[in-house]
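*Asks:* Structure in structure tokens, see below.
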Amino acid sequence: MMIRRKHVRSGLAAAALAVMIPLATPAIPSAAAKVAPPPPQVPIELNTDGFTIPGANPRPGGYITFQVSTTVAEGRWLALLRPRPGVGIEQVMKDFADGASNDPATRAAGIRAEYRDTDFFGGAAVYPGSPEALTQYLTEGRYYLVETSAADTSVVQTLDITSEVTPATPPRPQIVIDVGGRDRAHFSGVPTHIPQHATILYRNHYKQPEEAIFVGIKPGETHESVQAYFDAQQAGQPLPPNPFMRSGGGTPPISAGRTVRIQVNMPPGDYSLLSFLYDADTLVKQAYQGLHAELQVCTRSDG
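Following the numbering used here from start to finish, the sequence shown increments by one per residue and tops out at 543.
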């Protein structure tokens, strides 16, 4: 099924896009001590005409790796999600549209409805020359892959998972990044340097969905200088020089209690890792509240 919708990217990604599984890696049944093969690969190219999901549909569950790419200059985002029990995809899409409304009351209700009605499984933010691999463990049920563009147009495709499970060993992460906190979310485990083609295990311990988006920054920018820029934006004051240079990559939201593995492929340089999703309590973008961390992406010889 393909559905085209407007005004979804702001709801999914805020600024630039149901069965819970535990934070621990799900057990993989095995009758022997043999190591299971890598997950099945599903190549997905996002383009101006949308995208298709190749291969069987329905397909067995377990770990699946989505190899996501695009040749579209402004990039594309792909989110993997499932409506909560009793909620349909049409309601989810309405929540996203309401969350992007210019009316403050409608926007606030829409943002909170997004978080309540949708189970987010992560995704990929890709740009030409910077593909990503998304690995997720999927149980039986119907999922939706939602592509969003800079024009806020979305394409929705259905992915059905059977009760059969294909044994597979997920990619070993080089980096583990957590997001958590009490009243405010913060990143932890973010190293000062990460390899250019790192596989990252991202874990959400916070009370609401969180994304992990990399944006290139100018050399020498720090957490303090990035925050100063956001503070000036919030206060309506004259802006200091813009610290941001280019789009990078990362994953759209995962719901509270979920994990996702992503392999990034970003050019070496300085980056800020951010979540632009709105805080459900304050209705302020969390990056403005300090949910960002600065680091360098390096070649292996640099790191």
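Glycine included, each C-beta is placed from N, C-alpha and C at the ideal position.
As the structure is a computational prediction, the values presented were derived from the model and not from experiment.
Residues in the same chain with beta-carbon distance under 6 Å from tyrosine 528, minus the five sequence neighbours each way, listed in chain order, please.
*Replies:* These residues qualify, in order along the chain: Phe470 and Gln474.
*Asks:* So the alpha helix (DSSP H) glycine 350 belongs to, where does it begin and stop?
*Replies:* Note, glycine 350: alpha helix (DSSP H), 344 to 357.
*Asks:* Which first and last residues belong to the beta strand (DSSP E) in which glycine 488 is found?
*Replies:* That run of the beta strand (DSSP E) goes 484 to 494.
*Asks:* If you run the structure through DSSP and keep just helix, strand and coil, what is glutamine 414?
*Replies:* Three-state DSSP puts glutamine 414 in coil, outside helix and strand.
*Asks:* What residue range does the beta strand (DSSP E) around alanine 232 cover?
*Replies:* Here the chain covers residues 241 to 543 and nothing more, so residue 232 does not appear.
*Asks:* Helix or strand or just coil, what does DSSP make of glutamate 464?
*Replies:* Glutamate 464: helix per DSSP, three-state reduction.
*Asks:* If we ignore side chains and look at the alpha-carbon of each, how far apart do glycine 488 and serine 341 end up?
*Replies:* Answer to the nearest angstrom: the Cα atoms are 27 Å apart.
*Asks:* Judging by CA-CA distance, which residue of Ser370, Pro371, Gly363 and Glu404 is the nearest neighbour of tyrosine 384?
*Replies:* Looking at the Cα atoms, Gly363 is the closest of the given residues.
*Asks:* Rounded to whole angstroms, what's the CA-CA distance from lysine 525 to leucine 513? Just pull it up for me.
*Replies:* Their backbone Cα atoms lie some 14 Å apart in a straight line.
*Asks:* How about the segment 306 to 320 and the segment 400 to 419: do they share at least three Cβ pairs that are nearer than 8 Å?
*Replies:* These segments do not touch.
*Asks:* May I ask which residues mark the beginning and end of the beta strand (DSSP E) holding phenylalanine 306?
*Replies:* Counting along the chain, the beta strand (DSSP E) containing phenylalanine 306 begins and ends at 299 to 310.
*Asks:* Does the Cβ-Cβ distance between aspartate 357 and proline 325 come in under 8 Å?
*Replies:* Their beta carbons are not under 8 Å apart, which means aspartate 357 does not touch proline 325 by this criterion.
*Asks:* Taking DSSP's pairing of strands, which residues face proline 217 in a bridge?
*Replies:* Within the shown structure, residues of the chain are numbered from 241 to 543, placing residue 217 beyond reach of any answer.
*Asks:* Look at the Cβ atom of glycine 530, then the Cβ atom of arginine 422, and state whether they are nearer than 8 Å.
*Replies:* Against a cut-off of 8 Å, the Cβ pair of arginine 422 and glycine 530 comes out as no contact.
*Asks:* Locate the beta strand (DSSP E) running through histidine 532, then write down its first and last residues.
*Replies:* Its beta strand (DSSP E) spans residues 532 to 538.
*Asks:* Is the beta carbon of leucine 517 less than 8 Å from the beta carbon of proline 481?
*Replies:* Taking 8 Å as the Cβ cut-off, leucine 517 and proline 481 do not qualify as a contacting pair.
*Asks:* Give me the Cα-Cα distance between histidine 433 and proline 368, rounded to the nearest whole angstrom.
*Replies:* Computed Cα separation, rounded: 23 Å.
*Asks:* Helix or strand or just coil, what does DSSP make of glutamine 397?
*Replies:* Three-state DSSP puts glutamine 397 in a strand.
*Asks:* Measuring CA to CA, which of Val430, Val466 and Val419 is closest to asparagine 444?
*Replies:* Nearest option by C-alpha distance: Val419.
*Asks:* Helix, strand or coil, according to DSSP, for tyrosine 528 in the structure here?
*Replies:* Tyrosine 528 falls in the helix class under three-state DSSP.
*Asks:* For arginine 382, list the residues DSSP reports as bridge partners.
*Replies:* Per DSSP, Asp400.
*Asks:* Among Val332, Lys458, Asp338 and Ala373, whose alpha-carbon lies nearest the alpha-carbon of tryptophan 317?
*Replies:* The residue with the shortest Cα to Cα distance from tryptophan 317 is Ala373.
*Asks:* Short check: CB of proline 300 to CB of valine 405, under 8 Å?
*Replies:* For proline 300 and valine 405, yes; Cβs fall inside 8 Å.
*Asks:* Could you check what DSSP says for alanine 365 in three-state terms: helix, strand or coil?
*Replies:* Reduced to three states, the DSSP call for alanine 365 is strand.
*Asks:* Could you tell me the alpha carbon to alpha carbon distance between alanine 253 and glutamate 464, rounded to whole angstroms?
*Replies:* Because the pLDDT at alanine 253 is just 45, under 50, the model does not fix this residue reliably, and the point stays unresolved.
*Asks:* In whole angstroms, what is the alpha-carbon distance linking alanine 296 and proline 459?
*Replies:* In a straight line, the C-alpha of alanine 296 is about 46 Å away from that of proline 459.
*Asks:* With a threshold of 16 other CB atoms inside 10 Å of the CB of glutamate 314, please say whether the residue is buried or exposed.
*Replies:* The residue is exposed, with fewer than 16 neighbouring Cβ atoms inside 10 Å.
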